[in-house]
Amino acid sequence: MFNDVIKEKKSLFDTSVQTVLRQQQNRERRVILMNGNLVTNVRTESSGICGNVYQNGVRGFSSIAECSGEAAEKVLKAATENAALLNGHLDTPKAAYSKTSQGIAIPNRLIEDATQKQIIELCKKVDSYVAEHYKDLVSRLIMYREDSMEKYIYTSDANDGHVSYPRCMLYIGMTKTTKEGQPVEVFGSISVSAGLEKAFSNFEIIRKEIEKTYKQVSDKAEGTYADAGYKTVILHPDVAGMIAHEAVGHTVEADLVRGGSVAGPNLNKQVASELVNIVDFAHTAFGKDIGIPVYLDDEGIVAKDAVLIENGILKSYMHNRESADFYGVEPTGNARGWAFSDEPIIRMRNTMVLPGKDKLEDMIASVENGYYLTSTGNGQADLTGEFMFGINMGYEIKNGKLGKAILDTTVSGVAFDMLKTVDMVSDELVVNAAGTCGKKQPMSVSMGGPAIRCKLMIGGR
């Protein structure tokens, strides 16, 4: 049990400043089987307390790798002193953060911890199934990864809460060879915001992912190189979600907008086709929990949806308390820190392209000569929205029908330019909760959406 040791220390808050006291524990579990051999077996936990004090426009921060009442008093004292020190060098003090709601948030999910034995047994079961049914694989990899976090948050003028973020992921890697002897690999994955037992008690879900992964790697072994050029493509929801996160999402995080992102001069302007709608959901979409539900951020702000693009118009940014005051809007609850020693910064939560009305089969049938891109690898984007991503799975589209698989390639473009070419959006919503964003510090995120038809540059051989 991760017990609350900081609640009683709220009485020590300095009433002349705005204070947040946070106690946090991060847990990681990781097991990897390579061709049936256990090659990684990791179980770690880190916990501590941090204090964040805002005074006249400056913040004092302090953390300690200890969970006790004495540790809480130390970080409160240090954070308050740090803020006072910086305040002494201010030429023009700023006002306190705007008032917000006050209340108490309780966890909607609890972290159910699995033993390493349970994790290894699951991985062995999956590996045995793959080894027994797909003997023509050159190699296979099974990986279980869990990165859960739990927090107690107490504030001077916002909401207090106990929040938890359980998450586990299962990866299935398969490798075959082409006729020329070149290895090709494909990874399947399942990600769930829950513990092992809830996530993977139904082996049928795992079996379907195994079958899908095997079909893809078999198709890829018979694949061909894409023809380079500016092409009509259909992006699978996983790829559309990645572009929404990397190439659009980061440009509309308010701290990066202030830093000069392309979104700054484009607020309330047409940046995409009228068919494009992108939302950073807090916790619920279409009546259901989505991805990694965030109900309360690390500043004690109740999380709410941030509508980023509506009918192609850039409508808003994602905010913490500081940026919300700067832009004269309400905070959206996007301030999160990865570890107890990390100061909260503006982070995405569940960034999704909203579904449209088209059917995927009609979208494919509408393409004479193009590609259906189903899986993305590593990539990057900058604050101009220019992006480049690796594509590690996809198919040709010839005369409205899927053709051969394509070998690894890349796609590139400028996000707002690419989004203006979107002319079909499927009616499904696929969510991938396995994302880890790397803005200064890691952070668990989800992304996704429907399939979209657009134009972009694709690499060749």
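Heads up, the sequence shown is in our numbering, so the first residue is 716 and it goes up one at a time. Even for Gly, the Cβ is constructed at its ideal location relative to N, Cα and C.
| Asked | Found |
| --- | --- |
| Using only alpha-carbon positions, find the residue among E1101, K894, M749 that is nearest to S854. | M749 |
| Determine the closest residue to E989 out of P1008, V1068, R758, I1061, with distance taken between C-alpha atoms. | V1068 |
| Which whole-angstrom value describes the C-beta separation of M1108 and K935, a residue pair presumed to lie in contact below a C-beta threshold of 8 Å? | 7 Å |
| In the structure shown, what three-state DSSP assignment does Y769 receive? | strand |
| According to DSSP, simplified to helix, strand and coil, what is E743? | strand |
| Please return the same chain residues whose Cβ sits closer than 8 Å to the Cβ of K1119, not counting the five positions on each side in sequence. | D934, E937, G938, T939, Y1110, E1111 |
| Taking the C-alpha atoms as reference points, what is the distance between I834 and H965? | 34 Å |
| Any chance the stretch 1124-1133 sits against the stretch 1095-1103, with 3 or more Cβ pairs inside 8 Å? | yes |
| Residues in the same chain with beta-carbon distance under 8 Å from I1079, minus the five sequence neighbours each way, listed in chain order, please. | I949, Y1087, I1112, G1115, K1116, L1117 |
| Assuming C1152 and R1062 make a contact with CB atoms under 8 Å, what is their CB distance in whole Å? | 6 Å |
| For D995 and N1065, which I take to be in contact (beta-carbon distance under 8 Å), what is that distance rounded to the nearest angstrom? | 7 Å |
| Considering only residues of the same chain and omitting the five flanking positions on each side of S1081, which have a CB-CB separation below 8 Å? | G1115, M1139, R1168 |
| Please determine if the stretch 863-870 and the stretch 729-743 are in contact, where contact requires at least 3 C-beta pairs separated by less than 8 Å. | yes |
| What residue range does the beta strand (DSSP E) around T892 cover? | 883-892 |
| Since E912 and A829 should fall inside the 8 Å C-beta cutoff, what is the C-beta to C-beta distance between them, to a whole number of angstroms? | 7 Å |
| Could you name the residues of the same chain whose beta carbon sits closer than 8 Å to that of T1089, not counting the 5 residues immediately before and after it, in chain order? | Q931, H951, D953, V954, M1108, G1109, Y1110 |
| Flag this pair as yes or no: are the beta carbons of A1018 and G1052 separated by less than 7 Å? | no |
| Within the same chain, show all residues whose beta-carbon is closer than 8 Å to that of V790, passing over the 5 residues directly before and after it, in chain order. | L736, I764, C765, G766, S777, S778, I779 |
| Can you grab the Cα-Cα spacing for the pair F915 / I857, in whole Å? | 14 Å |
| Provide the residue span of the alpha helix (DSSP H) that contains Y929, from first to last. | 918-936 |
| Would you check if the distance between the CB atom of S879 and the CB atom of I1007 is smaller than 7 Å? | no |
| Compare the C-alpha of A1050 against each of E1076, A1021, K1074, N752 and name the closest. | A1021 |
| Below 6 Å CB to CB, which residues in the same chain sit around V986 once its five sequence neighbours on both sides are set aside? | L1029, F1131 |
| Between which residues of its own chain and A1145 is the CB-CB distance below 6 Å, once the five residues before and five after are set aside? | According to the sequence shown, residue 1145 is Val rather than Ala. Here the set comprises P952, G1163. |
| Short of 7 Å in beta carbon distance, which residues of its chain neighbour K927, apart from the five on each side in sequence? Order them along the chain. | G903 |
| Please state the DSSP three-state secondary structure of I1060. | strand |
| Measure the C-alpha to C-alpha separation of Y812 and A793 and round it to an integer number of angstroms. | 21 Å |
| Can you grab the Cα-Cα spacing for the pair M716 / A820, in whole Å? | 19 Å |
| How about P1046 and I1024: do their beta carbons lie closer than 7 Å? | no |
| Where do the ends of the alpha helix (DSSP H) carrying G784 lie? | 784-802 |
| Between which two residues does the alpha helix (DSSP H) holding F1041 run? | 1036-1042 |
| Is the stretch 970-984 in contact with the stretch 882-893, if contact means three or more CB pairs nearer than 8 Å? | no |
| Pull up the CB-CB distance for A1054 and R882, whole angstroms please, since I reckon it's below 8 Å. | That pair is no contact at about 15 Å. |
| Can you have a look at G1085 and say buried or exposed, based on whether 16 or more other CB atoms are within 10 angstroms of its CB? | buried |
| Return the first residue and the last residue of the alpha helix (DSSP H) that Q833 is part of. | 831-848 |
| To the nearest angstrom, how far is it from the Cα of A1096 to the Cα of A787? | 39 Å |
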